[in-house]
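Each remark here refers to the structure printed beneath this line.
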Amino acid sequence: MLNIVLFGPPGSGKGTQAAKLVDKYNLVHLSTGDIFRANIKGETELGKLAKSYLDQGQLVPDEVTIHILQSEADKHTGVNGFIFDGFPRTIQQAEALDAYLAARNTSVSMMLSLEVEEEELKKRLLLRGKDSGRADDQNPEVIQNRINVYHRDTAPAKAYYTQQNKYKAVNGVGAIDDIFDLLCAEIDAGASK
Ligand code: ADP
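Using our numbering, read the sequence shown as starting at 231 and increasing by one per residue.
Have a look at this one:
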């Protein structure tokens, strides 16, 4: 299986690139952000819980996120692989993902990280907020909070995958297709090892 963790701060382009990678490599796309938003829209119990965290730009608690990710992944058997988009976002989630995939006799192939500097992220998120309707993209304080949470809680996952020799960083600024080519080059180089 090809199991890609797509990593990077909010607004770095994970969702855009994930959609393209899913097509090219025939993978299943699992986005925890999308799962939470669908549940908020559907007014499920999970949605009610998640909403308070998303609205403030805080992470949904690990045990909730890990559980929901696993139950979504369980729906897909006999697949080529997964793209994990927005997960793991903490070390605890990274450890849980390793354990989950090990139980499925597979593992994370690599973490691909999109690198984008903070001013560019803020610009992109505010622009997205104008037409996406995402409340968390419309409030500069919530955006700053998400970036801070990324640095504090999520960035340490880089070291986790670096130790496993699985961390690959790509420049996330430029044309969408050029960034896509860089990601594909990393995947193809990894797959040929
Ligand atoms: P972005 O990367 O632009 O912030 P996402 O759609 O990935 O957007 O995430 C939106 C929100 O969903 C996050 O700010 C957080 O509240 C919640 N969320 C998404 N993934 C996770 C996760 N792995 N752990 C905890 N909370 C998460």
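Ideal Cβ placement from N, Cα and C applies to all residues, glycine included.
- A straight-line Cα-Cα distance of about 18 Å links I409 and L355.
- With a cutoff of 6 Å, Y391 does not count as near the ligand ADP, since its C-beta is closer than that to no heavy atom of the ligand.
- Boundaries of the alpha helix (DSSP H) harbouring S301: D292 to D304, taken from the DSSP string.
- Of the candidates V338, L279, Q323 and A268, the residue whose Cα lies closest to the Cα of Q394 is V338.
- Selection V372, L331, Y283 and N335 evaluated against L351 yields V372 as nearest (Cα-Cα).
- Per DSSP, the beta-bridge partners of V258 are F312.
- With a threshold of 16 other beta carbon atoms within 10 Å, G316 meets it and is buried.
- Annotation for S343: the continuous beta strand (DSSP E) segment containing it runs M340 to E345.
- Buried is the label assigned to R376, since at least 16 other Cβ atoms lie within 10 Å of its Cβ.
- Between the C-alpha atoms of D292 and L284 there is a straight-line separation of about 14 Å.
- Under DSSP, Y397 shares a beta bridge with M341.
- Non-local beta-carbon contacts of K281 in its own chain, meaning distances under 7 Å to residues more than five positions away in sequence, involve I270 in chain order.
- Taking all protein chains shown into account, R382 has fewer than 16 neighbouring C-beta atoms within 10 Å of its C-beta and is therefore exposed.
- The DSSP-derived three-state label of L289 is coil.
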